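Here our numbering is used: the first residue of the sequence shown is 1150, the next is one more, and so on. For glycine and all other residues, C-beta sits at the position ideal for the given N, C-alpha and C. If you're wondering where the values come from, they're calculated on a predicted model, not measured in any experiment. Taking it in order: structure first as structure tokens, then the write-up.
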Amino acid sequence: MSHPIEAHGLVKYFGSLAALDGLDLTVQAGSVHGFLGPNGSGKSTTIRALLGLYNLDDGSIQVLGKNPATDAAAINRHIAYVPGDVSLWPAFTGQQVLDALAGLRGVRDVARERDLIERFSLDPSKRVRTYSTGNRRKVVLIAAFAAPVEILLLDEPTSGLDPLMENVFRQCVREAQEAGKTILLSSHILSEVQELCTDVTIIRDGKTVETGALNDLRHLAARQIRLSAPASELEALRAQLTSLYTGSSAVTITSDGADIVVEASDDDVPRVLELALGARLSDITCTPASLEDLFLRHYEAVAR
């Protein structure tokens, strides 16, 4: 086994609907891997296939060197899963839920669990039926982060949490990575993924659109260059840029008040900056592409 999670050519039909249509996913050991896509793109279906909850119509999966279709019980002892929709035993207290989940796995870190209960400000003596959505989410997060496992599968893990608890969650992810755990994080909060993840896979309609180290994928999104000066000083530069890049798919030129805003690929940034410096502009801002830029720009390209 070269990677803790390897999936190739996954196909899964629900009736005539292809939830997965040749999807590939490789997660490196010790990474925090962002798993991105809109609702209905196949993220949750993929995670459930990794857990052995779905039988595939085609493709292959290896999790910790084993096939979830035949070795799910052995694999899941080494995985902690936080589902997107949390359903717990309503008559149980929070502590009883934690006891049950630890009992199913067969191993437990009681000290870590108590520390997380305090950090997430959970009252474990209350019954689940009295918990808010956020408190139910806290129970499964505590169970996952306290579990002595190798892999964390987190599906929309901060849904229902307030900003303070989201910060605690981020701290726990970093601690888990430092401890050598591998984390697959499915989230629609791009800022969260950008802050936490080292690698990203973007999917659409059950297919892998792009995958790789986040820093290596930024070439897919444009950098924004803002050029500020009195309108009279920008006029000649605007004409020069328009003449060079009209019809270019790699460079777009717009206006924001008196400013010129240029979105350019990494290859075109040096030339744009050279022209701006040649025009003796001193107010130049170049902003690197964000994960949101990457996601939206690449999705727009695929849609076209």
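Whether residue i touches residue j by CB criterion (8 Å)
{"i": "F1184", "j": "L1363", "result": "no"}
{"i": "I1300", "j": "L1247", "result": "no"}
{"i": "D1289", "j": "V1231", "result": "Note that residue 1289 corresponds to Val in the displayed sequence, not to Asp. Closer than 8 Å, so yes."}
{"i": "R1286", "j": "S1308", "result": "yes"}
{"i": "V1342", "j": "V1349", "result": "yes"}
{"i": "R1387", "j": "C1435", "result": "no"}
{"i": "E1262", "j": "Q1211", "result": "no"}
{"i": "T1242", "j": "K1215", "result": "no"}
Three-state class that DSSP yields for residue i in the structure shown
{"i": "Q1177", "result": "coil"}
{"i": "F1294", "result": "helix"}
{"i": "V1317", "result": "helix"}
{"i": "G1183", "result": "strand"}
{"i": "G1243", "result": "helix"}
{"i": "K1287", "result": "helix"}
{"i": "T1401", "result": "strand"}
{"i": "E1299", "result": "coil"}
{"i": "T1307", "result": "coil"}
{"i": "V1418", "result": "helix"}
Cβ-Cβ separation, residue j to residue i (assumed contact under 8 Å), whole Å
{"i": "L1213", "j": "P1153", "result": "6 Å"}
{"i": "G1355", "j": "D1170", "result": "4 Å"}
{"i": "A1168", "j": "G1191", "result": "5 Å"}
Nearest neighbour of residue i, chosen from the options [CA to CA]
{"i": "S1377", "options": "I1409, T1347 and R1278", "result": "I1409"}
{"i": "E1267", "options": "R1278, G1201, A1295 and L1174", "result": "A1295"}
{"i": "Q1244", "options": "V1235, R1254 and V1259", "result": "V1259"}
{"i": "A1178", "options": "S1209, G1329 and N1216", "result": "G1329"}
{"i": "I1352", "options": "N1188, Y1162 and P1312", "result": "N1188"}
{"i": "D1206", "options": "A1385, L1159, I1374 and V1176", "result": "L1159"}
{"i": "G1252", "options": "L1200, N1225, D1234 and T1401", "result": "N1225"}
{"i": "V1176", "options": "P1239, G1186, H1157 and R1420", "result": "H1157"}
{"i": "E1489", "options": "E1423, L1430 and L1310", "result": "Any question about residue 1489 goes unanswered here, given that the chain covers just 1150 to 1453."}
{"i": "A1229", "options": "G1255, T1219 and N1204", "result": "G1255"}
{"i": "P1455", "options": "D1432, L1166, A1240 and P1217", "result": "The chain is shown from 1150 up to 1453; residue 1455 falls before or after that span and cannot be answered."}
Residues bridged to residue i [DSSP beta-bridge criterion]
{"i": "G1329", "result": "In DSSP, G1329 forms no bridge with anything."}
{"i": "R1353", "result": "K1356"}
{"i": "H1157", "result": "S1209"}
Minimum Cβ-Cβ distance from residue i to chain D less than 8 Å
{"i": "D1272", "result": "Among the chains in the structure shown there is no chain D, since it carries only a single protein chain."}
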